[in-house]
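Notes follow once the structure below has been shown.
In full-length UniProt numbering, the protein residues as written are 1 to 214.
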């Protein structure tokens with residue numbers, strides 16, 4: 001595929017046009033139109049900006065590599081308890097990833113703003129249920145298996161344990177009895193989604209924005 005074909009498909013997928021892409025990336029719409037027609041010779045800076053925006057590689061943008069990858073479950077927060085108990089969910093979708101990942105990993109959506117500005121509302125996060133949870137890890141947790149999953153930072157002070165909220169508009173720390181909560185796993189990657197997930201089906205979790213394991 002040519003860069004024009006790839007870019008055209010991406011614009012269609014995210015319901016964007018050249019003017020909107022200019023506003024979101026700073027790349028002139030005249031340059032975008034030329035790329036759509038396979039005209040011109042884009043600089044590496046332009047290619048990197050576009051690839052970064054669409055969360056793909058430059059090679060995928062210019063058509064040298066296929067956009068696709070291994071799929072993992074996408075579990076909505078309402079269904080986290082069901083998924084943990086049964087290993088599947090009645091409302092389960094898939095997203096694609098192309099980086100090394102534990103086979104038991106799954107993705108979910110962030111529906112509150114408690115962890116902003118670090119993890120934004122509507123971000124897609126990947127959870128590793130087999131990674132050992134340690135002090136200051138970001139974790140997916142449920143109060144009990146019938147409730148919605150939510151993300152907090154785990155604070156371990158030895159005998160005392162806390163769930164931390166990053167957003168300064170809310171109380172910072174909540175002391176907990178760890179026996180009253182179920183820790184579903186550590187957040188190992190996340191991607192900020194600037195789109196409404198219900199309006200556009202994002203099938204590709206192509207490139208990590210933050211690797212929380214480092």
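Positions of the beta carbon are idealized from the N, C-alpha and C atoms, including for glycine.
May I have the straight-line CA-CA distance separating residue 195 from residue 27, to the nearest angstrom?
Because residue 195 carries a pLDDT of 47, less than 50, the predicted location of this residue cannot be relied on, and the following value inherits that uncertainty. Straight-line Cα distance between these residues: approximately 19 angstroms.
What span of residues does the beta strand (DSSP E) with residue 3 cover, start to end?
It is not in any beta strand (DSSP E) - residue 3 instead sits in the alpha helix (DSSP H) that spans 3 to 13.
Nearest by alpha-carbon distance to residue 176: which of 167, 187 and 156 is it?
156
Quick check on residue 44: buried or exposed, where buried means 16 or more other Cβ atoms within 10 Å of its Cβ?
exposed
Quick one: is residue 213 buried, meaning 16 or more other Cβ sit within 10 Å of its Cβ, or exposed?
With a pLDDT of 49 at residue 213, under the threshold of 50, the predicted position of this residue should be treated as unreliable, though the coordinate-derived value follows. So residue 213 counts as exposed.
Closest to residue 71 by CA distance: which of 132, 126, 18 and 96 is it?
96
Suppose you measure from the CA of residue 20 to the CA of residue 170; what does that come to, to the nearest Å?
34 angstroms
Identify every residue that forms a DSSP beta bridge with residue 182.
142
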